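Chains as they are written, first to last, in numbering that gives the first Met the number 0: chain A, 0 to 261; chain B, 0 to 275; chain C, 0 to 280. Following: one structure in structure tokens, then a few remarks.
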Amino acid sequence: MTVGRGSVSPQALRRVLGVVAGIVLLALWQIAGKAGISPYLPPMSDAVGAAWDMVTGPQLKADILPSVGRALAGLIIGCLLGMLAGVVIGYGRLHEWVRPTLEFLRSLPIVAIAPVVLIAFTPGSATRVGIIALASFWPVFVNTEDAARSVDERLIETARAYGRNRSWILFRLVGPATLPMAVAGARIATSVSLLAMVVSEFFLATSGLGYQLQYDARGYDVAGMFGAILILGIIGRVMSGAFNGFEHWVLRWYLGQKGLTQ
Amino acid sequence: MKSNVRSTPGVDRANGATLTAEGVAKSYHPRGGRSVQAIGSVSFELRAGEFVSLVGPSGCGKTTLLRCLSGLVTPSDGAVRFDGETVSKVPGSMSIVFQEYGRSLFPWLSVERNVMAGLPGVRSGEGRRRAREALEMVGIPDFGDSYPWQLSGGMQQRVAMARAIATRPRCLLMDEPFASVDALTRESLEELTLRLAGELGFSTLLVTHDIDEAIFMSDRVLVLSNRPSRVLRSIPIELPKPRDEVATRAMGRFQHYRAEIHAMIRNPEGAAGGAA
Amino acid sequence: MSTDASTEQEALANPRRTSRRAAVRRYATSAVKGLAGLVVMVGLWELLRRLDVLPRSAVPSTAATLTALRAGLFGGDLLSATGHTLLAWAAGLGLASLIGLPLGFALGLSRWADAATREVVDFLRPIPSVAFVPVALVFLGFGLKMEVVLVLIGAVWPIVFNTRYGVQDVDPKLVESGQSLHYSDWTIVRRIKLVAATPAILTGLRTASAIALILTVSAETLAVPEGLGNVISQSATTGSTADAYAAIVITGFLGVVMNMAIATVRTRLVPWSTRAGDREV
């Protein structure tokens, strides 16, 4: 995209546009809120105020940090298990056997099975981490399995020709080969984990960011509710940024190969 | 200089169109880089009913030139005329056969429908008849209901040729059409092309990297220089017709042409200048 | 001396008939294996339950679930709940297609329109659709309308993106072919681009369909007095776990059926597309 006279890079322009769009949206929100368009839409300033209170008050230690901790734990566990299962099932050509079962399980919304799981296993932190891990598992597993199935046969044959055993092939060849796809799945899992975190705290909870969200919703404390959503958005953004860094580190070799490193 | 006698008497020479290039030039300006001049200045004339091949070193812009000549791409300079009219898009009585048959045939249409694809406004009954006729001419009459991806490479290229001739073009452009098939199939397709040109009387311009093929098929061979390309020499090919894959290629004169063109391509600066 | 076309004909004698028979056999083997896998999973479930790894009090047995399933479908409220979920799903998906398909085409065909909307689209895209549930709830209250709008918001994105990708990704050689056949620009769009984009569009529909199901059930769990999600949450809270699990089974089953349906449509409609068209955007 050429831009008139200057030598503005499209990258910079995008970022500026993004920021401008964000500012415009916030301004609109404030105006709409103050104008009282809907009793359910508080002015932005109120939401920001509520968010600020949450972050600077006792809620940081009591609700926010534990929630984020659970989200991260669940995410990591889910990703690791997803990759492991993906490699084993994909390479082991078990795809056809597990497909209907997996399709079935995949179609179950977290929101629906969270309450069921929480009732089955006592509704504590561990169960919630489990729910988050379950949700994070899927995107990573699906991608990894797909990649494991399509690993170039020639690479495997070459490894066999050099006398490598099955476990070496599985963990030192197929695994790394599936990394790009797995990481793509992990990226999706990052946003899913946040979601699962919120959902897991909707039911039978006494603390946490998700608990706060539904508590405020029930009490029609819209400022508090939107404040919580703001915090969630920021957490999401931070996690996304951290993930980018992680991706660059893990996929150094891949991005270089594809000419994408800068 | 004896003129070549066509084997099929009475073919309407007036059926073939003329295609002229006058100082055609083409340059590209990739973003942020220097501009690349693919074609320097090319001028030549394809006469009615003639079979001309374009050869040259790799990367000399042969394919770009063909795309300029066909109207798919606009030249940066110069003009292309088809029967005297300036070319701005692909002329109605010109057909093109591409190298990548797998990507130029429509995969969602059957072979028959693919051949019909170039016959707009023709009632479907009439269209199917002409398609079947074309398929027969190219030697695959029973495959109308198959799909391109079910056929071998050589057969797919036959379908592409059937599609090209179904409209009874007066000029056929071919862009390395046989580069992606095996040697035996290539010979069979070369003979097919010559037969069709003879029977239907269209003028043909063939772009190829295969020098032997160029000599075998043509009345004249144009040798292009390196980029930015221009015509180094126009070489009339005086070999008897009908051409035979074995006999013609074994002739002394064939070897002579081959040596001459090879030398020119390997050492383009040392070649004598001169346009067609 | 040269190879005749007839030799090639012999080599490819009746390709279609043999490949169809092979395809049916492959499909059957696949189905059997899948079913076997499913049975193994259910068996594992039962085993874990008997061993109390899965707490016996809170997790119903296979038998209990099946009984609840049957009771709910014949004469119970599972049938109407399923109907409601399907209705919301269909309405939402239909609307999403109605809006998403033309939008996707427009963005794919017009470079200008695509560039102009890039920013906004890239900003909204990474937001997981379920995050809109509370927002939708707040503005539209409880009920079907909120559900359908939610599905619309969530399902429209994969449709738009995959359609756009499909149109933009058409092999330029196909377009060139059209030009060499003297097609006008509009004819090229109509006869080539739209058709070539179909596999990608179907992939988008498949993703959208899965998202739509998840959103309907999620919305029902939280804020809609009808539908499968509602049955799940109600049954769970009142302790009739067998009913809850029965509803879960139906939900999963719907997901599988939808996926298979679209996959079949794809095989029928675009048998010529290779796996390349499977890429999800």
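Cβ coordinates follow ideal geometry from the N, Cα and C atoms, glycine included. Predicted model only: the values in this text are computed from it and were never measured.
Residues Gly-15, Thr-17 and Ser-202 of the same chain have their beta carbon placed closer than 8 Å to that of B:Arg-46, with the five preceding and five following residues left out of the count. In this structure, B:Asp-174 sits near B:Thr-62, with a CB-CB distance shorter than 9 Å.
By the rule that beta-carbons nearer than 9 Å mark a contact, C:Tyr-182 touches chain B. At the C-beta level, B:Ser-228 and B:Ala-37 come within 9 Å of one another.
Per DSSP, B:Tyr-27 lies in no alpha helix (DSSP H) segment; the continuous beta strand (DSSP E) that holds it begins and ends at 18-27. Going by C-alpha positions, B:Gly-101 is about 31 Å away from B:Glu-44.
Closest by C-alpha distance to A:Gly-174, out of A:Val-18, A:Val-249, A:Gly-35 and A:Thr-189, is A:Val-249. With 16 or more neighbouring CB atoms inside 10 Å of its own CB, A:Gln-213 falls in the buried class. Around A:Ala-188, the same chain offers Leu-74, Gly-77, Cys-78, Ser-135, Pro-138 and Val-139 as residues with beta carbons nearer than 7 Å, after the five sequence neighbours per side are excluded. Residue pairing of B:Phe-43 in beta bridges, as defined by DSSP: B:Ala-20.
Sorting B:Thr-184, B:Asp-144 and B:Val-137 by C-alpha distance to the C-alpha of B:Arg-162 places B:Val-137 at the top. Our two residues, C:Ala-67 and C:Ile-98, have alpha carbons roughly 39 Å apart in a direct line. In this structure A:Arg-186 does not touch A:Ile-131 by the C-beta definition: roughly 16 Å separates them, more than the 8 Å allowed.
Here B:Val-222 is bridged, per DSSP, to B:Val-54 and B:Arg-232.
Per DSSP, the continuous alpha helix (DSSP H) segment holding A:Gly-129 begins and ends at 124-148.
Closest by C-alpha distance to C:Trp-88, out of C:Ala-35, C:Met-145, C:Leu-43 and C:Phe-138, is C:Met-145. For C:Met-145, the enclosing alpha helix (DSSP H) stretches over residues 143-167.
Per DSSP, reduced to three states, the secondary structure at C:Ala-196 is coil, with no helix or strand assignment.
When the beta-carbon positions are compared, C:Gly-228 and C:Thr-215 come within less than 9 Å of each other. Excluding residues up to 5 positions away in sequence, Thr-220, Ala-243, Ala-246 and Ile-247 lie with their Cβ nearer than 7 Å to the Cβ of C:Ile-231 in the same chain. The residue among B:Gln-254, B:Tyr-146 and B:Ser-75 with its C-alpha nearest the C-alpha of B:Ser-34 is B:Ser-75. In this structure, C:Arg-190 sits away from C:Gly-107, with a CB-CB distance that is not shorter than 9 Å. When the Cα atoms are used, B:Val-114 and C:Phe-252 turn out to be separated by approximately 45 Å. The beta carbon of C:Val-264 does not come within 9 Å of any beta carbon belonging to chain B, so the residue lies off that interface. At a beta-carbon threshold of 8 Å, none of the residues of chain B lie near C:Trp-111; the nearest stands roughly 18 Å away.
Per the C-alpha coordinates, the member of A:Ala-158, A:Arg-92 and A:Ala-125 positioned closest to A:Thr-143 is A:Arg-92.
Our two residues, C:Ala-207 and C:Val-155, have alpha carbons roughly 7 Å apart in a direct line. In the structure shown, the three-state DSSP call for B:Val-206 is strand. Taken through DSSP and simplified to helix, strand or coil, C:Phe-131 comes out as helix. About 12 Å separates the Cβ atoms of B:Met-160 and B:Leu-193, ruling out a contact at the 8 Å cut-off. Ranking A:Ile-30, A:Glu-95 and A:Pro-41 by CA distance to the CA of C:Ser-29 puts A:Glu-95 first. Residues of chain C with a Cβ closer than 7 Å to the Cβ of B:Arg-252 do not exist, since the nearest Cβ in that chain sits about 21 Å away. Inter-segment contact for the segment 56-71 of chain A and the segment 189-198 of chain A is present: three or more beta-carbon pairs are separated by less than 8 Å. Excluding five sequence positions before and after A:Met-180, the CB atoms of its chain that fall closer than 8 Å to its own CB belong to Asn-142, Thr-143, Asp-145 and Ala-146, given in chain order. Less than 9 Å separates the beta-carbon of A:Leu-172 from that of A:Val-150.
Contact of C:Lys-172 with chain B is assigned, a C-beta pair being separated by under 9 Å.
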